[in-house]
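Residue 1 is where the sequence shown starts when you use this note's numbering, and the numbers rise one by one after that. Every residue, glycine too, gets a C-beta built ideally from N, C-alpha and C. Nothing here was measured: the structure is a model prediction, and the numbers come from that model.
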Amino acid sequence: MLRLLAKLLTFLAVTSCFQPALAETGISAVALVRNNDVACKQFCPEWYYIAGDITPATVTQLETLMADNAYRQLPVVLNSSGGDVDAAMALGSFIRRLDLSTLVAGVAFDGCGPQDQQCPPQQPHSGRIMSASRCLGS
Numbered sequence: 001m002l003r004l005l006a007k008l009l010t011f012l013a014v015t016s017c018f019q020p021a022l023a024e025t026g027i028s029a030v031a032l033v034r035n036n037d038v039a040c041k042q043f044c045p046e047w048y049y050i051a052g053d054i055t056p057a058t059v060t061q062l063e064t065l066m067a068d069n070a071y072r073q074l075p076v077v078l079n080s081s082g083g084d085v086d087a088a089m090a091l092g093s094f095i096r097r098l099d100l101s102t103l104v105a106g107v108a109f110d111g112c113g114p115q116d117q118q119c120p121p122q123q124p125h126s127g128r129i130m131s132a133s134r135c136l137g138s
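Put into structure tokens, the structure is as follows:
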């Protein structure tokens with residue numbers, strides 16, 4: 001339990017440097033992202049992406065996204081400046097229960113990102129990991 005708490009605190013501490021615009025607006029997003037490297041085509045890696053403030057809805061959004069994708073065991077890329085502590089604990093428990101790997105990083109999107117509310121929703125989004133700071137295994 002202490003290990004999980006330490007990971008969550010590290011996550012909350014280091015993610016504020018990646019996308020300050022999300023942190024300032026409170027916009028949150030949970031999305032499936034596929035690497036945009038043209039060389040790998042349909043074999044490009046994918047991941048679940050969580051950005052912005054963590055709220056009680058974040059776990060539900062991640063669980064729904066995973067259910068829509070047959071609970072595929074993909075890594076979770078986190079980019080958040082904080083949010084609700086109880087929700088962050090619930091998110092950490094959910095990720096740990098499913099034994100998912102995590103990474104704290106920003107993502108550069110092609111075109112619209114999941115937090116762009118004026119763009120049509122799409123799954124998966126196309127992007128690449130930027131500014132990876134630390135891998136946090138479960």
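- Taken through DSSP and simplified to helix, strand or coil, A29 comes out as strand.
- Ranked by Cα distance from A67, the options G111, L98, D110 are led by L98.
- Just so you know, the alpha carbons of A108 and A29 end up roughly 14 Å apart.
- Within the same chain, Cβ atoms closer than 8 Å to the Cβ of T55 are found at S28, G83, D84, A87, the five residues on either side in sequence being excluded.
- Taking the Cα of I95 as reference, the smallest distance to any Cα among I50, C119, C44 is reached at I50.
- In the DSSP assignment, T102 falls within the unbroken beta strand (DSSP E) covering 102 to 109.
- Residue environment analysis places G111 among the exposed positions, since fewer than 16 neighbouring C-beta atoms fall within 10 angstroms of its C-beta.
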